Amino acid sequence: MTAPTANREIVLFVCDSLMQGEELHARLAAARPLGPATTAAAYDLVDLGATGALVPGGMVSVAGELYALEPQALAALDVFRGHPVLNQRISIRLADGREAQGYTVAPEQSAGRRRVLSGDWRKRRGATSLGGGRGAGPMVRWAGRRS
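For reference, each letter of the sequence shown is one residue, going 1 to 147 in this note's numbering.
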């Protein structure tokens, strides 16, 4: 398991709208970025609408980012994510063998939800980010022009 860093920080893996450049990234304002990371090929990534979540037991390597948080900041994020009822924060295995905390949902909670087969939240709808920038798919670009 990844040892906590200085001051009892906890390492958190995020792979959805909490990532840099995404809609909810401001929720990590108190966190220290540690860089990109990928999970072991043992999860699925599901689209829950405004956020996503890992589903243990899949076969996908999910792309994301690591952040170090103080326990109080993590507790506030837990409340926002609905831990332990809506999301469960558990230890997840990264591709390089380390472990980090991450938000998951149980397979039965993800029934009927769209899987992000690429394992990359930013590619879930053909857009490079939530604003539909240059790399956005045709539907995202069309919707952006209608505003």
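All C-beta atoms in this analysis are idealised placements derived from N, C-alpha and C, irrespective of residue type, glycine included. All values reported here derive from a predicted model rather than from experimental measurement.
Heavy atom of the ligand COA less than 8 Å from the Cβ of residue i, yes or no?
i, result
"G57", "The ligand COA is absent from the structure shown, which contains no ligands of any kind."
Going by the DSSP bridge assignment, what does residue i pair with across the sheet?
i, result
"D47", "G52 and R114"
"V62", "In DSSP, V62 forms no bridge with anything."
"G57", "DSSP lists no partner for G57."
"P33", "Y67"
"A100", "I92"
"L12", "Y67 and Q101"
For residue i, count the other beta carbons within 10 Å of its own beta carbon; 16 or more makes it buried, fewer makes it exposed. Which is it?
i, result
"D44", "buried"
"R8", "exposed"
"G119", "buried"
"G58", "buried"
"A73", "buried"
"L28", "buried"
"Q20", "exposed"
Less than 9 Å separating the beta-carbons of residue i and residue j?
i, j, result
"A86", "Q109", "According to the sequence displayed, residue 86 carries Leu and not Ala. Yes, Cβ-Cβ distance for L86 and Q109 is below 9 Å."
"I10", "L69", "yes"
"A42", "L66", "no"
"L48", "R125", "no"
"E23", "R122", "no"
"R89", "V46", "no"
With 9 Å set as the bound, which would you pick, yes or no: does the beta-carbon of residue i sit closer than that to a beta-carbon of chain B?
i, result
"G64", "Checking the listed chains, one finds no chain B in this structure; it contains a single protein chain."
Self-check item: Inter-stretch contact (C-beta, 8 Å, three-pair minimum) for the region 29 to 37 and the region 79 to 88
Solution: no
Practice problem: Would you check if the region 52 to 67 and the region 7 to 16 touch, i.e. whether three or more CB-CB distances between them fall below 8 Å? | Solution: yes
Quiz item: Taking one C-beta from the region 101 to 119 and one from the region 38 to 55 each time, how about it: are there three or more such pairs within less than 8 Å?
Solution: yes
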